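Undergrad: I have a structure here, written as structure tokens, and I will follow up with some questions on it.
There are 8 protein chains.
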Amino acid sequence: MLEEILRQVQAGNLSVSEAKENLATYENLGFAKVDHHRKNRQGFPEVVYGEGKTKEQIICIIQAIRSKGQNVLVTRISKEKANYVLREYPEFSYNETAQILFWKKKTSKNDSYQGYIAIVCAGTSDLRVAEEAAVTAEALGSEVRRFYDVGVAGIHRLFDNIEQIQQATVSVVVAGMEGALPSVVGGLVSHPVIAVPTSVGYGANFNGLSALLTMLNSCASGISVVNIDNGFGAAYNAVLIDHLVKGDKSE
Amino acid sequence: MLEEILRQVQAGNLSVSEAKENLATYENLGFAKVDHHRKNRQGFPEVVYGEGKTKEQIICIIQAIRSKGQNVLVTRISKEKANYVLREYPEFSYNETAQILFWKKKTSKNDSYQGYIAIVCAGTSDLRVAEEAAVTAEALGSEVRRFYDVGVAGIHRLFDNIEQIQQATVSVVVAGMEGALPSVVGGLVSHPVIAVPTSVGYGANFNGLSALLTMLNSCASGISVVNIDNGFGAAYNAVLIDHLVKGDKSE
Amino acid sequence: MLEEILRQVQAGNLSVSEAKENLATYENLGFAKVDHHRKNRQGFPEVVYGEGKTKEQIICIIQAIRSKGQNVLVTRISKEKANYVLREYPEFSYNETAQILFWKKKTSKNDSYQGYIAIVCAGTSDLRVAEEAAVTAEALGSEVRRFYDVGVAGIHRLFDNIEQIQQATVSVVVAGMEGALPSVVGGLVSHPVIAVPTSVGYGANFNGLSALLTMLNSCASGISVVNIDNGFGAAYNAVLIDHLVKGDKSE
Amino acid sequence: MLEEILRQVQAGNLSVSEAKENLATYENLGFAKVDHHRKNRQGFPEVVYGEGKTKEQIICIIQAIRSKGQNVLVTRISKEKANYVLREYPEFSYNETAQILFWKKKTSKNDSYQGYIAIVCAGTSDLRVAEEAAVTAEALGSEVRRFYDVGVAGIHRLFDNIEQIQQATVSVVVAGMEGALPSVVGGLVSHPVIAVPTSVGYGANFNGLSALLTMLNSCASGISVVNIDNGFGAAYNAVLIDHLVKGDKSE
Amino acid sequence: MLEEILRQVQAGNLSVSEAKENLATYENLGFAKVDHHRKNRQGFPEVVYGEGKTKEQIICIIQAIRSKGQNVLVTRISKEKANYVLREYPEFSYNETAQILFWKKKTSKNDSYQGYIAIVCAGTSDLRVAEEAAVTAEALGSEVRRFYDVGVAGIHRLFDNIEQIQQATVSVVVAGMEGALPSVVGGLVSHPVIAVPTSVGYGANFNGLSALLTMLNSCASGISVVNIDNGFGAAYNAVLIDHLVKGDKSE
Amino acid sequence: MLEEILRQVQAGNLSVSEAKENLATYENLGFAKVDHHRKNRQGFPEVVYGEGKTKEQIICIIQAIRSKGQNVLVTRISKEKANYVLREYPEFSYNETAQILFWKKKTSKNDSYQGYIAIVCAGTSDLRVAEEAAVTAEALGSEVRRFYDVGVAGIHRLFDNIEQIQQATVSVVVAGMEGALPSVVGGLVSHPVIAVPTSVGYGANFNGLSALLTMLNSCASGISVVNIDNGFGAAYNAVLIDHLVKGDKSE
Amino acid sequence: MLEEILRQVQAGNLSVSEAKENLATYENLGFAKVDHHRKNRQGFPEVVYGEGKTKEQIICIIQAIRSKGQNVLVTRISKEKANYVLREYPEFSYNETAQILFWKKKTSKNDSYQGYIAIVCAGTSDLRVAEEAAVTAEALGSEVRRFYDVGVAGIHRLFDNIEQIQQATVSVVVAGMEGALPSVVGGLVSHPVIAVPTSVGYGANFNGLSALLTMLNSCASGISVVNIDNGFGAAYNAVLIDHLVKGDKSE
Amino acid sequence: MLEEILRQVQAGNLSVSEAKENLATYENLGFAKVDHHRKNRQGFPEVVYGEGKTKEQIICIIQAIRSKGQNVLVTRISKEKANYVLREYPEFSYNETAQILFWKKKTSKNDSYQGYIAIVCAGTSDLRVAEEAAVTAEALGSEVRRFYDVGVAGIHRLFDNIEQIQQATVSVVVAGMEGALPSVVGGLVSHPVIAVPTSVGYGANFNGLSALLTMLNSCASGISVVNIDNGFGAAYNAVLIDHLVKGDKSE
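Given below as structure tokens:
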């Protein structure tokens with residue numbers, strides 16, 4: 001691209017100031033291009049982290065995104081703030097458990113692709129994080145199947161579902177307390193497992209540290225870990241993998 | 001017992017100094033009796049922790065124990081120190097993996113009792129701790145069955161053995177790395193599980209902290225935990241339970 | 001059981017689809033059997049952890065349990081939620097200190113068995129945890145004796161009660177602050193001691209970490225540890241041991 | 001598969017004992033199948049962790065693997081142990097920096113697939129871990145490109161290489177000290193980034209804890225983390241993703 | 001100074017009691033002199049830390065400072081307390097984001113000096129700390145330029161501003177989450193960087209510990225670190241350096 | 001004293017330079033006086049910490065101390081370094097367990113004072129620290145009585161000695177593992193207890209952290225704590241108290 | 001005492017049941033005697049820790065103590081609870097900063113003794129803890145002098161008071177933030193220093209951990225440490241020392 | 001610069017490929033320029049961290065640096081490796097305590113500038129780190145004055161030197177154990193203080209964590225902190241400040 005611009009300057013087709021602007025754009029484009037890649041492929045230009053932002057700030061960012069005709073995804077947004085936004089944008093969806101607000105353009109489905117992301121969750125108290133992952137993945141355009149309350153203390157519940165989990169493209173495994181579920185799932189599937197420790201527990205759980213360490217030390221291969229309670233981050237990773245497999249890496 | 005002594009003093013059958021000695025003995029007996037209970041029931045008057053003791057000190061303590069005609073159990077004793085003792089006491093047994101030296105009087109078996117302690121171990125690197133548990137339990141007079149290398153990363157290995165583990169009186173479950181095995185076993189058996197975290201691992205394992213926290217936070221009921229690498233302590237607990245069930249709490 | 005099913009298929013007594021269902025059941029039964037064992041022996045099919053559940057969810061789970069005619073045990077349930085349940089099920093009992101709600105079928109007592117669980121507690125501020133243990137054990141069908149406020153700072157209080165503690169089948173020892181009591185009790189009794197650190201304390205207590213480490217490092221043998229404030233877990237362990245000794249492992 | 005076996009029993013084509021063995025196999029196959037999946041797709045039946053194993057044990061495991069005609073991969077194996085193995089198996093390759101020993105069957109390349117894994121590494125002292133990742137990925141059959149010594153303290157070195165990194169299927173980013181590199185790379189690429197903290201550093205680095213926390217808290221999306229120094233684990237994850245994209249998920 | 005006083009005593013120009021007072025003053029002056037240095041050079045005799053002080057106490061301290069005709073700077077003061085003070089001193093300024101209240105005498109500017117402090121900030125949630133730094137530096141008499149929301153996850157935003165940052169005398173770099181920004185800035189500038197970790201983040205962030213460790217372990221040279229959220233402290237350091245360069249070290 | 005010097009300057013009895021030197025001396029004396037107090041009362045001008053010093057450095061410091069005719073106390077000095085010093089100063093004493101080298105002038109005993117310091121020690125592995133305390137106290141001129149191997153796991157051993165411990169002026173209580181002994185002693189005596197955690201233990205002991213936290217959280221009153229393994233520091237404290245009681249605070 | 005009782009039984013002056021009761025009393029007296037010692041010497045039979053107790057419980061304990069005609073000391077009691085007690089016992093004193101409620105019998109002063117406890121405090125935010133120490137010491141009958149706001153950041157304030165501090169019998173030194181004050185005081189005085197870390201600070205202070213570690217690692221001799229914010233505990237220690245010196249150890 | 005290149009392309013004075021190379025260089029120069037700034041001003045193009053590098057690697061890097069005629073600075077290099085280098089480059093200097101090897105071109109001194117860096121050090125065991133700082137600063141061209149062994153436990157040693165320290169441009173204050181010295185110095189000087197915690201200490205020092213936290217929490221203003229034992233980093237910061245003041249920021 002640099003060469004092209006230079007040639008046009010040489011040929012007199014581009015003035016110095018135009019070239020300068022283009023190259024500046026190029027410089028910015030160098031990094032903004034990445035953002036465009038992301039937007040084109042994933043359907044979302046930027047994800048808004050709602051925690052610590054006022055409802056006015058959130059509306060303001062949403063307007064900027066909508067003005068470019070793009071999809072919207074706001075995570076960690078309370079019901080009260082979401083309702084405020086919904087009055088303005090009644091076409092948006094809000095999932096209260098996941099604390100996610102989003103709006104997505106209708107897209108034609110890639111019919112041939114059958115892949116899905118398995119969201120596997122140990123206990124009912126980990127649901128909030130699991131739903132943050134599930135709704136994020138759906139909002140970012142992936143197919144999701146939920147396998148909830150299949151923790152290791154009653155491992156037969158996992159085995160009743162293991163074949164469906166094995167056929168997923170990638171699994172997001174959410175667990176609090178001792179966080180042992182990803183190790184067991186990781187030993188039973190042959191696709192990547194993204195483990196999400198939750199802060200569910202008490203005492204020597206130390207707000208999720210226990211589950212985090214468990215997952216980092218997993219003796220099963222194929223497991224990587226995100227921050228405590230970071231359902232969004234795990235889903236984002238899973239969606240990147242799902243999109244790679246779907247094959248729309250076609251730019 | 002106090003009343004009896006006082007009555008004998010009243011009756012003139014016991015002099016004041018004799019009574020004083022008896023009562024002193026009583027006081028000491030009050031606590032020493034516990035020691036006798038322990039010795040009678042478990043067959044070992046005192047367990048010697050070999051680490052940090054010289055071979056001369058160990059010999060010296062063994063002589064004191066033997067002079068009372070009692071059984072001997074030395075834990076965490078290196079091969080070199082053990083060989084030094086074995087030259088003096090060739091009838092002793094030494095288990096190098098477990099680092100345990102012991103000698104036991106022949107005892108008639110309680111034939112009717114079929115109970116055993118299951119020693120369950122996640123990986124081959126946890127063997128040292130598992131063997132410390134197994135040999136300790138055997139030296140203290142319990143039946144032991146070993147279920148090694150049945151970690152959660154290949155959980156079918158556990159399921160191939162689960163029925164035998166379920167029939168044990170009590171399980172000692174040894175695991176390093178993420179330490180998830182006790183949670184899985186705890187969900188499959190209906191007897192007490194004593195969990196032993198090991199220091200096997202690296203990085204965010206923090207010398208066994210990861211496995212320790214996992215076990216303390218287990219969402220399965222019926223699990224209690226001992227110190228990192230404390231195979232001896234877990235076995236001691238298991239033997240106490242095994243003896244209670246065996247029914248020789250008959251003093 | 002597998003062989004039997006196959007023989008019936010061979011003999012034409014069982015259709016393929018029936019056999020398939022049976023074997024599926026078998027697979028599930030393989031793990032669900034464990035649950036049945038547990039229910040039969042302990043009188044409770046499942047313990048409900050009340051924290052983080054709404055009163056509606058709790059009622060819902062209770063209905064499911066009651067519909068199978070089984071006993072009910074809900075831990076960590078606030079007075080307000082408990083009152084909500086009690087309006088529906090006035091025959092239930094609620095213990096406010098222990099924060100436990102339960103209902104138990106009348107059962108004929110095993111008359112010959114004299115064993116009991118000693119619940120030993122260091123200070124009055126540890127009472128909540130001690131009562132969680134005591135009420136859990138009682139609800140699960142064990143005899144309990146309470147020895148409260150016998151902490152090491154005034155150790156004569158412990159000695160006034162030590163003989164009764166020594167005669168228990170198993171002790172649950174609850175302590176906050178420095179958590180030294182289990183070590184002292186462990187040195188005086190010859191049965192298993194289950195130690196419960198509490199989060200009582202301030203400053204360098206670090207919400208129970210101090211007591212937890214103390215108990216894990218105890219130089220007395222026969223001590224195992226559960227999570228901070230986990231009175232329920234300690235009692236559950238103690239009841240498993242008590243039931244083993246009681247001898248109703250008769251299936 | 002279960003139905004098929006039952007039908008054959010019904011039809012008399014399979015005796016009860018044959019069916020029993022098959023179903024046992026089935027049960028095992030249920031989990032072993034996973035292993036087969038893995039082996040077929042990845043070309044390695046099992047990875048041997050060399051640390052803590054004697055050279056005799058390693059030879060013994062290798063013989064078992066070779067007897068099934070399969071590829072071999074041994075990680076964390078010292079030069080001295082590797083030389084011992086190489087005398088027996090001179091056709092094996094040993095990479096001293098990566099401490100990896102491996103042998104791979106010649107395989108026809110999937111010509112149409114151009115994807116590769118970018119191994120990005122902050123400093124020269126992180127090389128050992130980066131090479132463990134690179135050699136693992138190559139041994140498991142993926143194409144690898146190395147981008148070493150591109151740490152954030154001289155960020156122009158990264159920018160000189162960023163386009164090539166952006167075109168990879170997945171990146172493994174290795175960094176010690178403050179571990180900031182994955183955040184920067186994560187903000188510049190649109191594929192999954194697997195971050196590997198290393199134990200390189202001193203003082204408040206706490207043996208890699210600093211880099212680990214940095215990576216878990218990354219404000220860039222699309223990053224997941226493995227244990228400190230776990231180059232193998234990161235590569236294994238990357239290879240799983242690479243294989244998914246390559247499309248040989250065709251069983 | 002001591003010699004001078006002694007000579008005056010010798011010469012009879014100073015009585016013993018006067019000399020004693022002077023020397024006492026000297027002793028105090030020895031340390032108070034430092035305070036005077038500070039006041040003269042920086043324009044503020046003492047900074048008031050508002051947190052934990054009542055509004056009455058703050059008014060009281062302000063009166064003492066004002067009675068000496070000096071500038072006032074109160075940090076970490078809530079809007080409510082500030083309003084209370086502003087009713088009494090309407091000429092004061094309050095910055096709500098920075099939570100700083102101050103009053104400064106008009107001073108003639110050092111015209112020839114063009115230096116400024118760059119306040120660089122990773123994300124919008126770190127703003128409170130960045131503003132505490134910026135307003136402190138301004139109140140203490142330095143020129144400030146703000147470069148906000150230039151975190152490493154979208155590093156092109158930093159590069160758009162890097163030349164202006166490079167021309168500063170000293171940079172204060174504020175970042176939460178993984179805290180990687182100071183390392184990147186440190187590698188691009190040739191002046192001192194004072195890094196401020198913030199407590200912004202969740203989970204394995206541990207209230208700013210993650211960012212703190214990152215900054216302490218930075219592989220870029222020229223970075224020093226202050227306490228978590230200590231915007232004031234960083235600014236104070238930067239102002240000391242700015243004043244040194246400005247050259248008014250002329251006493 | 002300042003006034004006196006000034007008057008002599010005024011009177012011409014002291015030149016300015018003499019006064020200046022005196023006042024400098026005064027200033028130094030102001031702090032050095034403390035040192036003199038210490039030396040006079042405690043019999044040792046300065047304690048030498050031997051760890052990390054070469055034998056030549058140690059000899060050099062000893063010569064400086066001896067040249068002023070004062071007593072010598074070197075702690076944490078290995079046998080090999082001590083022997084080097086003993087060749088030069090054969091009149092010195094070396095205690096190998098305590099790793100202390102010292103020399104003391106003959107002093108007339110304070111006959112009327114019967115007080116002593118009780119050095120109480122939990123286990124034989126804590127001996128090194130207990131002896132560091134005991135020998136330090138003796139070298140600093142206090143009477144010491146040793147009560148070793150009286151840990152809480154066999155608490156009757158403590159009770160056999162408690163009366164003698166109760167009659168001490170102050171107790172130094174040394175314990176590793178869970179460090180519970182000071183709490184028990186503190187509840188039984190009415191004098192100050194100085195607790196010394198040792199690094200004896202393994203696993204969740206974390207090199208003495210467990211015992212340290214236990215002692216800081218003791219529910220018994222009258223206990224203060226020194227650093228892990230700091231037998232010297234505890235003894236120094238005890239000697240200060242012992243000297244206060246002895247009444248030779250007579251300067 | 002035991003001998004005396006036995007002789008009286010022998011002589012028929014004491015019945016068996018009387019002797020038994022006496023010896024039981026003796027046994028209890030063995031430990032309760034300690035309590036009596038404490039009460040007689042210190043003027044308080046038991047200190048009530050008010051935190052976590054209801055006002056009704058506090059009244060109840062106070063009544064028990066008053067019924068024996070003894071002094072009362074309640075620590076960590078809120079103004080609201082204290083007012084409740086004061087309505088019943090208007091003769092009690094309440095110190096709101098210290099959060100202490102107490103009542104003391106008039107006692108004749110030991111006129112000849114001039115000793116006092118120095119309560120030294122770094123900053124105004126540490127006042128609550130310093131006052132807890134000061135009021136406790138006064139309530140337990142010691143003379144106290146307060147030296148507040150003399151922290152190391154303006155060390156001349158300390159030097160203005162150092163002589164008075166040096167003349168104390170014992171110092172309690174209270175400091176938050178970095179907790180450096182005890183080290184400086186410890187280097188300037190020749191009596192025992194009891195250091196109290198406070199939880200005052202933020203960020204890397206970790207609720208007082210920073211100050212606690214500083215004090216445990218002090219390079220000055222003669223310093224021992226109590227728990228974070230434990231002003232009561234430090235004062236209790238200081239009073240024990242003060243009483244020893246006062247010489248009323250005369251029972 | 002970009003505009004200039006474009007104009008020359010337009011004017012035909014620069015071919016497209018030349019322009020491309022220049023702009024590539026420009027891009028690189030954009031960041032490499034920083035490096036040049038650094039080199040020109042500080043006299044060292046790059047500092048070599050010797051730890052973990054072989055002597056051959058070090059020689060190799062030195063050759064590259066020397067080939068550009070630049071100064072050389074190698075930190076953390078052992079005597080043995082240094083001797084290897086010195087055989088090749090006998091004109092280099094090696095400081096064994098500091099473990100630094102360097103070579104510097106003769107430079108004309110900036111005569112008018114009188115500023116110096118004060119290296120202040122608490123104890124003799126912190127010398128290694130203090131010397132790393134001192135020698136680094138000298139090698140980078142700054143004047144240095146050493147104030148060693150002036151720790152807070154004998155604070156008069158600090159006061160004897162405080163005036164000289166006060167007149168420095170910037171202070172580097174090195175301390176281990178409790179690390180209190182920077183707080184005291186920070187309260188006495190009006191220039192920036194760069195604090196260096198060292199790993200000197202034992203027990204609750206946790207390898208320098210204690211001193212690190214102390215310094216981060218300092219209540220004195222004007223203190224910033226570097227990593228544990230990072231004498232080099234502190235000196236580098238100090239030199240940046242010193243150079244700013246010296247005024248040779250003249251490019």
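Residue numbers (this note's numbering), protein chains in the order written: chain V, 1 to 251; chain B, 1 to 251; chain W, 1 to 251; chain G, 1 to 251; chain D, 1 to 251; chain Z, 1 to 251; chain C, 1 to 251; chain H, 1 to 251. We put the CB at the ideal spot given by N, CA and C, even for glycine. Only a predicted model underlies this, so the values are computations on that prediction, with no experimental measurement involved.
(1) Are the region 111-121 of chain C and the region 175-192 of chain H touching by the rule of at least three beta carbon pairs closer than 8 Å?
(2) Taking Cβ to Cβ, would you say residue 79 of chain H is nearer than 8 Å to residue 58 of chain H?
(3) Under 8 Å between the Cβ atoms of residue 169 of chain Z and residue 242 of chain Z?
(4) Check the DSSP bridge columns for residue 175 of chain B and list the partner residues they point to.
(5) For the beta strand (DSSP E) containing residue 117 of chain V, name the first residue and the last one.
(6) Using beta carbons (cut-off 8 Å, strictly below), is residue 34 of chain D in contact with chain H?
(7) Where does residue 78 of chain G sit, in a helix, a strand or coil, going by DSSP?
(8) Looking only at its chain, what residues have a beta carbon closer than 6 Å to the beta carbon of residue 176 of chain G, apart from the 5 residues adjacent to it on each side?
(9) Could you check whether residue 233 of chain G and residue 174 of chain G sit closer than 8 Å to each other, using their CB atoms as the reference points?
(10) Just checking: is the beta-carbon of residue 224 of chain V within a distance shorter than 8 Å of some beta-carbon in chain G?
(11) In the DSSP assignment, find the unbroken alpha helix (DSSP H) run with residue 159 of chain V in it and report its ends.
(12) What residues are listed by DSSP as bridge partners for residue 93 of chain H?
TA: Quick answer:
(1) Cβ pair count under 8 Å is below three, so no.
(2) no
(3) For the pair residue 169 of chain Z and residue 242 of chain Z, the CB atoms are nearer than the 8 Å cut-off.
(4) DSSP, once it has assigned bridges, lists B:197 as partnering residue 175 of chain B.
(5) 117-121
(6) The predicted position of residue 34 of chain D is uncertain, since its pLDDT is 31 and thus under 50; a value taken from the coordinates is nonetheless stated next. Yes, because at least one Cβ of chain H sits closer than 8 Å to the Cβ of residue 34 of chain D.
(7) coil
(8) 126, 198, 200, 201, 211
(9) no
(10) yes
(11) 156-159
(12) H:102
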